[in-house]
Amino acid sequence: MARHNLGTVVSFEVTRTLKKKQFWLTTLLVPVVIGIVIALIVLSNTSTESKVDSQKDATLRFTYSDASGYIDPAIATAFGGTLAADPDQAIADVKSGASAAYFSYPAEPTKEATTVYGADVGIFDNGKYSSVATQLMVASAQAKIGDQTLTGLARGSFQVDAITYKDGAVSGGILGAVAPLLFLLIFYVVIVMLGNQMLTSTLEEKENRVTEMILTTLNPTTLIMGKIISLFIIGIVQMLVFILPVLVGYLFFRTSLSLPDVDLSQLIVNPGQMVVGALLLIGGFTLFMGTLVAAGAIMPTAKEASQVFGIVMALVFVPLYAVSLVVSDPHALIVQLFTFFPYSAPVTAMLRNGLGSLSPLESGIVIAELFLLGGIVLRLAVQLFRYGSVEYTKRVSLRTVFARSRR
Numbered sequence: 000m001a002r003h004n005l006g007t008v009v010s011f012e013v014t015r016t017l018k019k020k021q022f023w024l025t026t027l028l029v030p031v032v033i034g035i036v037i038a039l040i041v042l043s044n045t046s047t048e049s050k051v052d053s054q055k056d057a058t059l060r061f062t063y064s065d066a067s068g069y070i071d072p073a074i075a076t077a078f079g080g081t082l083a084a085d086p087d088q089a090i091a092d093v094k095s096g097a098s099a100a101y102f103s104y105p106a107e108p109t110k111e112a113t114t115v116y117g118a119d120v121g122i123f124d125n126g127k128y129s130s131v132a133t134q135l136m137v138a139s140a141q142a143k144i145g146d147q148t149l150t151g152l153a154r155g156s157f158q159v160d161a162i163t164y165k166d167g168a169v170s171g172g173i174l175g176a177v178a179p180l181l182f183l184l185i186f187y188v189v190i191v192m193l194g195n196q197m198l199t200s201t202l203e204e205k206e207n208r209v210t211e212m213i214l215t216t217l218n219p220t221t222l223i224m225g226k227i228i229s230l231f232i233i234g235i236v237q238m239l240v241f242i243l244p245v246l247v248g249y250l251f252f253r254t255s256l257s258l259p260d261v262d263l264s265q266l267i268v269n270p271g272q273m274v275v276g277a278l279l280l281i282g283g284f285t286l287f288m289g290t291l292v293a294a295g296a297i298m299p300t301a302k303e304a305s306q307v308f309g310i311v312m313a314l315v316f317v318p319l320y321a322v323s324l325v326v327s328d329p330h331a332l333i334v335q336l337f338t339f340f341p342y343s344a345p346v347t348a349m350l351r352n353g354l355g356s357l358s359p360l361e362s363g364i365v366i367a368e369l370f371l372l373g374g375i376v377l378r379l380a381v382q383l384f385r386y387g388s389v390e391y392t393k394r395v396s397l398r399t400v401f402a403r404s405r406r
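Everything in the sequence shown is counted per numbering that gives the first Met the number 0, starting at 0 for the first residue and increasing by one.
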């Protein structure tokens with residue numbers, strides 16, 4: 000019977016939410032905005048590519064003077080340059096519009112600045128003068144070296160493959176951190192999208208004065224668990240809707256959006272880290288959802304309950320302010336405090352787990368802590384909802400609830 004009631008609650012809550020116009024307006028707003036941004040970027044990049052193609056054959060005509068002796072006259076001519084007989088006259092020609100640009104190379108280019116004079120063609124296009132002046136000097140220097148290999152080495156054009164070891168085995172590095180850090184991303188998405196709904200889900204019945212009738216046929220535990228499961232299902236629906244335009248953009252407009260081609264085969268998946276990450280995610284979700292349900296059961300109205308949501312969000316994001324310390328010194332005192340304090344533990348522990356700095360002992364302690372406190376908070380939330388469901392005008396007193404429970 001309890002299982003049947005749980006299924007009824009889940010089905011009712013999911014169906015009721017999915018039938019709300021406001022839910023779909025809010026949910027579809029994000030993908031619509033993403034779609035508009037993708038469309039604008041694609042159109043902008045297409046326009047830019049067309050402009051670049053039309054200017055490929057256009058050569059910048061300029062004059063130059065070279066006190067360093069490094070500029071190769073043949074290369075300068077190929078670039079569209081002409082040696083200036085009189086620097087002052089060259090500058091005057093640029094001012095009058097007779098010449099597009101004039102480059103003045105000093106005797107020691109590494110110690111003195113090269114001065115570029117040009118006609119103003121707009122904030123963004125003015126950068127082409129410095130670019131051409133730099134390319135001309137680089138090309139001339141490479142020609143003087145004469146060896147293509149040395150030229151490439153001087154530019155730093157060579158590959159370095161780094162292999163690092165941890166406990167005698169090859170460590171995954173950044174590629175090994177990607178997979179376990181996905182649990183941290185999922186945690187943030189779930190809390191941000193579902194937190195406020197979880198906080199106010201029990202308040203809707205309370206404000207509509209129907210909780211007394213509901214609790215005559217349902218156990219409070221069944222009702223709370225049904226709401227949590229239904230919100231999790233709704234969260235999955237929202238995430239799928241959010242991900243859809245991102246997948247479309249990546250699969251069909253990757254080139255236009257200048258997105259990198261990700262090779263998933265290069266990712267390193269550590270089964271131990273994945274298990275720990277999943278347990279931290281579930282434990283953290285249980286603790287935060289129980290806390291929000293308990294807060295919703297105490298408050299008489301959604302307006303007052305929304306204040307609690309701000310505090311919970313602050314607790315979720317506070318560990319990010321110490322992320323540099325988590326990366327550089329995971330054993331620092333503040334990092335240890337964030338790791339074991341219940342409401343900062345999920346984020347800090349998942350971050351350290353992804354970076355490989357969370358020991359098996361620490362992960363075991365944090366996981367046990369989250370599940371234990373999460374169960375206690377959920378149990379407390381059920382008790383608060385049982386006694387607070389009929390308090391319509393004032394907050395529920397914890398002392399009163401505990402006193403009634405003992406009796």
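Cβ atoms here follow ideal geometry from the backbone N, Cα and C, with glycine treated the same way.
Note that this is a predicted model, so its numbers are computed, not measured.
For Gln237, count neighbouring C-beta atoms within 10 Å of its own C-beta (all shown protein chains included) and say buried if the count is 16 or more, exposed if not. Gln237 should be labelled buried.
Is the stretch 173 to 189 touching the stretch 344 to 358 in the sense that three or more CB pairs, one from each, lie closer than 8 Å? They touch, by the three-pair rule.
Through-space distance from Ala97 to Leu135, alpha-carbon basis: Using only the alpha carbons, I get a separation of about 22 Å.
Contained alpha helix (DSSP H) runs [length at least 4] in the stretch 359 to 383, N- to C-terminal order: Given a length threshold of 4 residues, the stretch 359 to 383 has no whole run of the alpha helix (DSSP H) inside it.
Sort Leu291, Leu336, Tyr320, Val268 by Cα distance to Leu354 and report the nearest one. Nearest option by C-alpha distance: Val268.
Quick one, which of Leu250, Leu377, Ala100, Glu107 has its alpha-carbon nearest Lys226's? When each option's Cα is compared against that of Lys226, the closest is Leu377.
I need the DSSP call for Val120, collapsed to helix, strand or coil. DSSP places Val120 in coil when its eight states are reduced to three.
Given this structure, state the Cα-to-Cα distance separating Val93 from Ile40, to the nearest angstrom. As the crow flies, the alpha-carbon of Val93 is around 36 Å from that of Ile40.
Quick check on Tyr69: does DSSP put it in helix, strand or coil? Note: Tyr69 maps to coil in three-state DSSP.
C-alpha distance - Ile310 paired with Gln158, whole-angstrom precision: In a straight line, the C-alpha of Ile310 is about 48 Å away from that of Gln158.
Do Ser67 and Pro30 have their C-beta atoms closer together than 8 Å? No, the pair does not count as a contact, with Cβ atoms beyond the cut-off.
If you follow the beta strand (DSSP E) that Ala83 is in, where does it begin and where does it stop? No residue range can be given for Ala83, since it is assigned to no beta strand (DSSP E) and is classified by DSSP as neither H nor E.
In chain order, which beta strand (DSSP E) runs of at least 3 residues are fully inside the stretch 269 to 350? Taking only runs of at least 3 residues, no beta strand (DSSP E) segment lies wholly in the stretch 269 to 350.
Measuring only between beta-carbons, confirm whether Leu377 sits less than 8 Å from chain B. Protein chains in the displayed structure number just one, and chain B is not present.
Looking at the structure shown, is Ser53 part of a helix, part of a strand, or coil, going by DSSP? Its pLDDT being 49, under 50, Ser53 is placed unreliably in this model, and the value from its coordinates should be taken loosely. If DSSP states are grouped into helix, strand and coil, Ser53 belongs with the helices.
Going by the beta-carbon positions, is the gap between Val8 and Thr221 smaller than 8 Å? A contact, by the Cβ cut-off of 8 Å.
Ends of the alpha helix (DSSP H) at Ser129? Counting along the chain, Ser129 sits inside the alpha helix (DSSP H) bounded by residues 126 to 144.
When the Cβ atoms of the stretch 243 to 251 are set against those of the stretch 311 to 325, are three or more pairs found closer than 8 Å? Counting Cβ pairs under 8 Å, fewer than three are found: no touch.
Once the 5 residues before and after Thr26 are set aside, which same chain residues still bring their CB inside 6 Å of it? Closer than 6 Å at Cβ, skipping near neighbours: Gln237, Val240.
Reducing DSSP to helix, strand and coil, say where Val9 ends up. Correct three-state label for Val9: helix.
Going along the chain, which residues of its own chain have a beta-carbon closer than 6 Å to the beta-carbon of Arg60, five neighbours each way excluded? Take Arg60, set aside five residues on each side of it, and the residues of its chain with a beta-carbon closer than 6 Å to its own are Gly79, Ala99, in chain order.
Using DSSP with H/G/I as helix, E/B as strand and the rest coil, what is Ala100? For Ala100, the secondary structure class from DSSP, reduced to helix, strand or coil, is strand.
Mind checking whether Ser130 and Thr114 have CB atoms under 8 Å apart? Taking 8 Å as the cut-off, the beta carbon of Ser130 is found no closer than this to the beta carbon of Thr114.
Among all the DSSP beta bridges, which residues are the ones paired with Thr62? Note: Thr62 sits in a beta bridge opposite Thr81, Tyr101.
Within the same chain, show all residues whose beta-carbon is closer than 8 Å to that of Leu286, passing over the 5 residues directly before and after it, in chain order. Excluding positions up to five away in sequence, the list reads Pro341, Tyr342, Pro345, Leu369, Leu372, Gly373, Val376.
What residues are listed by DSSP as bridge partners for Thr114? When DSSP reads this structure, Thr114 sits in a beta bridge with Ser103.
I need the straight-line Cα distance from Met197 to Pro359, nearest angstrom please. If I take the Cα positions, the gap works out to 32 Å.
In chain order, what residues of the same chain have a beta carbon less than 7 Å from the beta carbon of Thr81, not counting five sequence neighbours either side? Result list for Thr81: Thr62, in chain order.
Taking the alpha-carbon positions, what's the Leu361 to Val275 distance? According to the sequence as given, residue 361 is Glu; it is not Leu. Roughly 11 Å between the two C-alpha positions.
Please classify Ala331 as buried or exposed, where buried requires at least 16 neighbouring CB atoms within 10 angstroms. By the beta-carbon neighbour count (other beta carbons within 10 angstroms, threshold 16), Ala331 is exposed.
Thinking C-alpha only, which one of Ala321, Gly34, Gly289 is nearest Phe337? Nearest option by C-alpha distance: Ala321.
Rounded Cβ spacing between Pro219 and Arg385 (contact assumed at less than 8 Å): About 5 Å separates the beta carbon of Pro219 from that of Arg385, a gap short enough to meet the 8 Å contact definition.
Measuring only the C-alpha atoms, how far is Gly282 from Val292? C-alpha of Gly282 to C-alpha of Val292: approximately 15 Å in a straight line.
Alpha-carbon spacing of Gly363 relative to Leu24, whole angstroms: If you take the alpha carbons of Gly363 and Leu24, they lie about 42 Å apart.
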